[in-house]
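Contents: one structure, followed by commentary.
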């Protein structure tokens, strides 16, 4: 089989699985749905691995599959660019997706929408692969929107829940705000490069480095650099997809979706699309320091301030969600520092350990019978040993413990920012450094509250428990639906993942092997991939040709390489650095607060009430958006409709002209009196008037 | 080309079929009337297929031309022909006619023959509009096609149909009269010719061009409809039966837009350039203003009607950027909107047939009882919001990208539809389809039957094919659009 057919196989195999599971979801049994989709994704993974080896052997590819559209001088094609960056993403996407597929068998086993769920996640895998394998901006945008669609469908998977269907619409619309910038950026690329093909655009870009465009009527003061404008617009797209402040608001709400997709889409793959895109566009971003500054500042704000919010969350998934936001901020900071390869490296390690943490959280949720509140947990390590160990590995990787994957990538980001001289790098350095402490603190707060300490479950003290007291175990009523297909028709009792919790006296239980196996499989790379990957990916020529850095203007990577003396030395050296001790302090403090002296956090919370309120309201972003943008749009719409359409256009012009016609008709009717002398008189007047006119003209 | 008068067949097959259906008479023969109507629509569609398969991509000239003398005294001819601009609309129109006949199959049970006849005759007349090359012939078809539409709204329409028909009439009357005056002026100026192609070559001074352009503008703007002469459309849609709404949105709105390309641009190119700023401004107002108005609609049909106006704003915007991307994007948008708006109105009709309400507030949780329908409706809602891989994306993508080159801020304003368009469509979808079962009407809904499935599947196929592989659709346009652009770039002032 030729390599090109293999390239095609990678996205098409999951698509085929999605079609089987989706179109026939009513008629096929469950094993066909998960069998077909898992087979599709497994094929894609194996094919990606073969392609990976081929690329390592030096065979990259750039070619089109078919011409999508042509118009005027422009051609738009669907095609693949297969290089080191692509193949790295392909491996990450297909591997995590495969793990999530297997996990889903266990997680969704009682759900009436079982087949539909598999169709969606396979469709997602297809879309994500089309996104990363694209060789042009058009197909990139295609994949970009397609993953957004599947994300929308999956956040609203439990479509009877009001919070879920609000969250999915919010996610789609906030992403559309990003896409609004993104498509204008693509428009600028097309307008000035005449093509959307990556290779051609990157070849042309350096000659446009000093081009300026006028934003307002050719005035001097409105002149901006073309590259800065293009890159910032493209980055606005990334801000939506990769949830950077202020377009981050959709990601915490996306936790309304089932946990497997939180791991796959909202942690490991889709949300990293923005990071991938900027790395792919490195030849453009390297031409604009303004854009890089913008990127680094946005990333730094996200990295630090979203971390703070993780501290006060009590929903296990929301803690992980805010940690994802913060880590996406780290990746963005790396992009801004021109350390694109480091960003991709962190993207990869993060995909493994964050998927692990999410799936671990899902395992805990199953064990806790769909209670997500960490205040109701504690001491779970006794009951769920595999989940406990793997979650510990994930947390250690996340906080950057030496030798773990996250250590190598996160430490490299911090070092890269330290070396960067781009405006805003100083602030970013402070933010990522402080973020280390915050990350360690909230990660181990969650870890200690869930797995250690007092067993707080089964006490039924929460109000929510009383409300759901009547609920049976899930399996009991889930079975009713198996007969009528598994596309998902929910009755009132099927409100999933609400805070059911354990009944008094009930104990948590370890989850089945389909759930724990993916945890173990993800724990392995969460440990080793950093150690193995750092040397070739950051300092070797792994990304040669795929990522372009202007080493003269932005010598960050060269300086990093100068200080690098092997992965083992780096980990050993870490013990002497501030970063390590900040993380250790975070872990120690959380141990002290949540295991040793649990009374302290409450006391602090009472002392700093205003600060807590600010964090609890997530800096008021949601309230602001709801009041100003959503409320404003509705008000404007009402005003234009009632005032413009109904009032002025219909009320004055349309109905007004009708009334005018009526009025004139009434006047004219006065002349139709039926008396012959009236008509004669009118005629004489008329003749007289015409004569006067005629005489006047002569 | 073979000698088969394909365009005459495209016009007269549906019209004759219409009269045959009418001859079945009373509702006792309703099944026969339906079968005949479907057969007529199907044959009418089949005869348009060769227009595409035998279409010569290389030439910008008119193809499948037919010419016969009609009224020699005024040099009025039965002159037909299509180029890359009009060909697709003849086929789309014939396709939509099948959809409309199927859509009324079980729903219309009074005056069945008359109902189907009206649609078939209207279909033939509208094919006449798209293929007429004689100004007076065009005008006759243009005006005659309104009669069936009046009847459809007036006879099978809702409770407030008189007001809607009146509003429609008032608007159209104003436009038609000015249009006729412009045609007669051109007849006189050209030394006694009604040939549209002759008029394209006719030299005209700036002021003459301006007056002609404005007369055309008023006639076409009402049909499109452009802001601010759009307020008849939501009312007409609300009162029209489902089939009427489908034809109105899918085909009738395209007549005005088509007029711009066939009359305004080539006959008055200098005035078109001079007044392009006005059209662009009106188009952007349509996109933004109407988008916000659509957001707050409580009636689903009104919402989709407003959304149609916003989408047609893209069409007029695309025309007046004078670039291949703009015009072809606009044409793609017109065809795509035919599928999507037809599907949206049909979907609303499916729900209306069951619940007898179009109010968003009367629904909620439709997916629970109609999952198959909800899946189709999702596809069309996403297409309406311009999601890639659907036809709704292609035109918007081309026009926005073309607009960036034309003027960045125009593109900026137009691209806002990505947010607003998604907002009004998905907010409606959320309130109607998602959620727990809203009331007992929704609880008692039955999912779509085989007929409804077929209609939705046909439209979905159109939406998807055009979204995944739009190349064949734009290929047929290239020669004609390039020729039009070349023609428009040459001044007619001597």
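Protein chains in written order, with the numbering used here: chain A, 50 to 747; chain B, 95 to 588. Glycine included, C-beta positions come from ideal geometry on N, C-alpha and C.
Contacts of residue i in chain A (Cβ-Cβ under 9 Å)
i: residue 112 of chain B; result: Going along chain A, no residue has its Cβ under 9 Å from residue 112 of chain B, so there is no contact; the nearest lies around 32 Å.
i: residue 459 of chain B; result: 208, 209
Within chain B, the residues that residue i reaches when beta carbons sit closer than 7 Å
i: residue 211 of chain A; result: 529
i: residue 687 of chain A; result: 390
i: residue 194 of chain A; result: 481, 482
i: residue 116 of chain A; result: 565
i: residue 699 of chain A; result: 325
i: residue 225 of chain A; result: 512, 513, 516
Neighbour list for residue i in chain A, Cβ cutoff strictly below 8 Å
i: residue 510 of chain B; result: 229
i: residue 333 of chain B; result: Result: empty, since nearest Cβ-Cβ is about 15 Å, beyond 8 Å.
i: residue 383 of chain B; result: 689, 693
Sheet register partners of residue i (DSSP bridge)
i: residue 116 of chain A; result: A:126
i: residue 172 of chain B; result: B:162
i: residue 261 of chain A; result: A:274
i: residue 110 of chain A; result: A:131
i: residue 208 of chain B; result: According to DSSP, which records beta bridges pairwise, residue 208 of chain B is partnered with nothing at all.
i: residue 226 of chain B; result: B:174
i: residue 364 of chain A; result: A:422
i: residue 246 of chain A; result: A:185
i: residue 453 of chain B; result: B:393
i: residue 157 of chain B; result: B:176
Counted within 10 angstroms of its Cβ, other Cβ atoms place residue i as buried (16 or more) or exposed
i: residue 785 of chain A; result: Outside the modelled stretch of chain A, which goes from 50 to 747, sits residue 785 of chain A, for which no answer is possible.
i: residue 491 of chain A; result: buried
i: residue 710 of chain A; result: exposed
i: residue 135 of chain B; result: buried
i: residue 739 of chain A; result: exposed
i: residue 398 of chain A; result: buried
i: residue 540 of chain B; result: exposed
i: residue 108 of chain B; result: buried
i: residue 545 of chain B; result: exposed
i: residue 301 of chain B; result: exposed
i: residue 523 of chain A; result: The pLDDT assigned to residue 523 of chain A is 40, lower than 50, so where the model puts this residue is not dependable; a value taken from the coordinates is nonetheless given after this. It counts as buried.
i: residue 617 of chain A; result: exposed
i: residue 490 of chain B; result: buried
i: residue 56 of chain A; result: buried
i: residue 589 of chain A; result: exposed
i: residue 383 of chain B; result: buried
i: residue 624 of chain A; result: exposed
Within chain A, partners of residue i - CB distance below 7 Å
i: residue 524 of chain B; result: 214, 218
i: residue 319 of chain B; result: By Cβ distance, chain A contributes nothing, its closest Cβ being about 11 Å from residue 319 of chain B, past 7 Å.
i: residue 476 of chain B; result: 198
Beta-carbon neighbours of residue i, restricted to chain B and to distances below 9 Å
i: residue 236 of chain A; result: 494, 495, 496, 497, 498, 499, 502, 505, 509
i: residue 264 of chain A; result: 502, 503
Interface partners of residue i on chain B, CB under 8 Å
i: residue 377 of chain A; result: Near residue 377 of chain A there are no residues of chain B at all, since even the closest Cβ is about 22 Å away, more than 8 Å.
> What are the complete alpha helix (DSSP H) segments, minimum 4 residues, inside the segment 257-321 of chain B?
Replying inline: At a cut-off of 4 residues, the continuous stretches assigned as alpha helix (DSSP H) that sit fully inside the segment 257-321 of chain B are 290-295, 300-317.
> What residue ranges within the segment 587-630 of chain A form continuous alpha helix (DSSP H) runs of no fewer than 4 residues, ordered along the chain?
Replying inline: 605-612, 616-623
> Taking a cut of 8 Å between CB atoms, which residues from the segment 657-683 of chain A lie near chain B?
Replying inline: 682, 683
> If contact means a Cβ-Cβ distance below 8 Å, which residues of the segment 277-293 of chain A contact chain B?
Replying inline: Under the 8 Å Cβ criterion, the segment 277-293 of chain A contributes no residue.
> Taking any Cβ of chain A, which residues in the segment 405-425 of chain B have a Cβ under 8 Å from it, in chain order?
Replying inline: 417, 418, 419, 422, 423
> Which runs of the beta strand (DSSP E) fall wholly inside the segment 411-449 of chain A and span at least 3 residues, in chain order?
Replying inline: For the segment 411-449 of chain A, not a single whole beta strand (DSSP E) run of length 3 or above is found.
> Whole alpha helix (DSSP H) runs in the segment 354-395 of chain B with 4 or more residues, listed along the chain?
Replying inline: The qualifying runs are 363-368, 370-389.
> Of all the residues that make up the segment 246-270 of chain B, which are near chain A by a beta-carbon distance shorter than 7 Å?
Replying inline: Per Cβ criterion, the list reads 261, 264.
> What residues from the segment 566-582 of chain B come within 9 Å of chain A, judged by C-beta to C-beta, listed N to C?
Replying inline: 567, 568, 569, 571, 572, 575, 576, 579
>> Please list, in chain order, the residues of the segment 181-192 of chain A that have any C-beta partner in chain B closer than 7 Å.
In response: 190, 191
> If contact means a Cβ-Cβ distance below 8 Å, which residues of the segment 238-258 of chain A contact chain B?
Replying inline: 239, 240
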